[in-house]
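Residue numbers (UniProt numbering): 1 to 375.
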C-alpha cells in the first residue's frame with residue numbers, strides 16, 4: 001500500500017509527461033479510454049487513463065533510478081524471506097573429513113572462520129593462515145574447543161611468495177600436504193575508480209589474484225610431485241562475471257582468480273586436482289561490511305534486489321564449501337556456483353524491477369497497452 005502523500009507527489013511528476021503522451025497515444029483521449037481507476041491507498045481519489053499515462057511514458061524513471069517511487073513500506077519489504085530460513089548446522093555427515101587436512105587462507109575471521117569451523121566439525125585437521133597471528137590463535141583455540149579437532153594457526157602474507165613458501169613448509173612439517181585448499185584471503189573497499197592510486201590497485205590485486213596464484217602454485221607443485229590428489233576452492237563474487245563500478249580492482253582480481261581456476265581444471269585434472277569456485281552474494285560479516293557499507297545505509301537496498309528477501313549467512317557458504325571439497329563432489333570440477341538468493345538473476349533482467357509494481361498499477365498499465373495500436 002502506498003502512502004497517499006507519496007503517491008500524490010508521484011502524480012505531479014507523471015503529469016508533466018502527459019502532453020508528450022497525448023502525442024504518442026492520441027487514441028487514449030477517446031471517450032472509451034476515459035475510464036476511471038481507483039488506487040488503493042488514496043481514499044476517494046480517481047484517475048482517468050489520461051492522467052495515468054505518466055506511468056507508461058515515465059517508465060524509465062520508475063524502473064531505472066527512480067524505483068523508490070514504487071517501493072512498498074518497510075513492514076512488508078521482504079515477506080518472502082520467511083519461506084527461506086537459513087539452516088546453520090553442517091549438512092554433511094560427521095566424519096566426512098576424518099583424516100583429512102584442510103588449508104584455509106583468511107581463516108581467522110568471517111567466511112574463512114565459518115568454513116574452518118564447518119570443516120573442523122566434520123573431522124578435518126585445519127590449518128588457517130593470515131597476517132594477524134593473534135586473531136588466528138584465538139580462532140584456532142575457539143574452534144578446537146568446540147569441535148575437538150586440532151586447528152593450526154600459521155602466519156602468512158599471501159602477497160609475498162617467500163612468506164607463502166615458509167607457510168607451506170611449516171604446514172607440511174606439522175601435518176603434511178593438504179587434501180583441501182581454500183583460497184579465501186581477500187581485500188576490498190569502495191571508491192570511485194578515478195580516485196584510485198596505483199598502490200590502491202596493487203593492495204587488492206596482490207592479495208586477491210597474486211595471493212591466490214602464489215598459494216595455488218606452491219601447494220599444487222608439491223601435490224603433483226607427491227602424486228597426491230586434492231580439492232581446491234576459490235571464493236570470488238557474483239560481480240566477477242559482470243564487473244562492478246566502485247570496486248574495480250576487486251572485480252578485476254576476482255575475474256582473474258576464476259580464469260586461473262578454470263585453466264587449472266583443464267591442466268591439472270590429470271594429477272588428481274579439482275578446482276571449483278563459489279560466488280557469494282552479500283554476506284553480512286564485520287570485515288566486509290565495515291569497508292563496503294560503512295554507514296549501514298546500503299543493506300536495505302541489497303535486500304530489495306535479492307528475490308529470496310534476505311542476506312546470506314556464513315553457515316550457508318560454509319556448507320556449500322564443505323560439499324565441494326568433500327569426496328561427495330569428486331566428479332565436480334570446473335563448477336562456478338552462485339549463492340546469492342537470486343540477486344544476480346534479478347539484476348541481469350531488463351524488466352525485473354517490474355516486481356515492484358502493484359496489482360492496481362498493472363491494471364492501469366494493461367489498459368494503456370491495450371489502447372496502443374500498431375508496433
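Beta carbons: idealized from backbone N, C-alpha and C, even for Gly.
Judged by DSSP in its simplified three-state form, residue 132 adopts coil rather than helix or strand.
Residue 255 and residue 241 have their alpha carbons spaced roughly 7 Å apart. In the three-state DSSP reduction, residue 199 falls in the helix class (H, G or I). DSSP places residue 215 in no beta strand (DSSP E) but in the uninterrupted alpha helix (DSSP H) bounded by 211 to 226.
Comparing C-alpha distances from residue 215 to each of 257, 124, 362, 369 shows the shortest one belongs to 257. The DSSP-derived three-state label of residue 335 is coil. In the DSSP assignment, residue 116 falls within the alpha helix (DSSP H) that extends over 110 to 121. The straight-line gap separating the alpha-carbon atoms of residue 143 and residue 328 is approximately 24 Å. In this structure, residue 139 sits away from residue 176, with a CB-CB distance that is not shorter than 7 Å. In the DSSP assignment, residue 125 is bridged to 101. Here the alpha carbon of residue 320 sits roughly 9 Å from the alpha carbon of residue 337. Secondary structure note for residue 231: its beta strand (DSSP E) is the uninterrupted segment 230 to 235. Nearest Cα to residue 333 within the set 323, 196, 339, 342: 323.
By DSSP's assignment, residue 151 forms a beta bridge with 126. With respect to the 7 Å criterion, residue 133 and residue 126 are not classified as neighbours on the basis of their beta carbons. Secondary structure of residue 306 (DSSP, three-state): coil. Annotated three-state conformation of residue 183 is strand, per DSSP. For the options 230, 372, 184, the alpha carbon positioned closest to that of residue 97 is the one of 230. Per DSSP, the unbroken beta strand (DSSP E) holding residue 276 starts and ends at 273 to 280.
Between residue 218 and residue 164, the C-beta spacing is below 7 Å. Looking at the DSSP output, residue 312 shares a beta bridge with 283.
In the DSSP assignment, residue 172 falls within the unbroken alpha helix (DSSP H) covering 161 to 174. Taking the CA atoms as reference points, residue 325 sits about 6 Å from residue 180. With a threshold of 16 other beta carbon atoms within 10 Å, residue 268 meets it and is buried. Proximity to residue 303 across 286, 271, 347, 364 peaks at 347, based on C-alpha coordinates. Taken through DSSP and simplified to helix, strand or coil, residue 94 comes out as coil.
A distance of 7 Å or more separates the beta carbons of residue 312 and residue 278. For residue 372, the number of other beta carbons within 10 angstroms of its own is below 16, and it is reported as exposed. For residue 222, same chain residues with a beta-carbon under 8 Å away, outside a window of 5 residues either side, are 168, 172, 177 in chain order.
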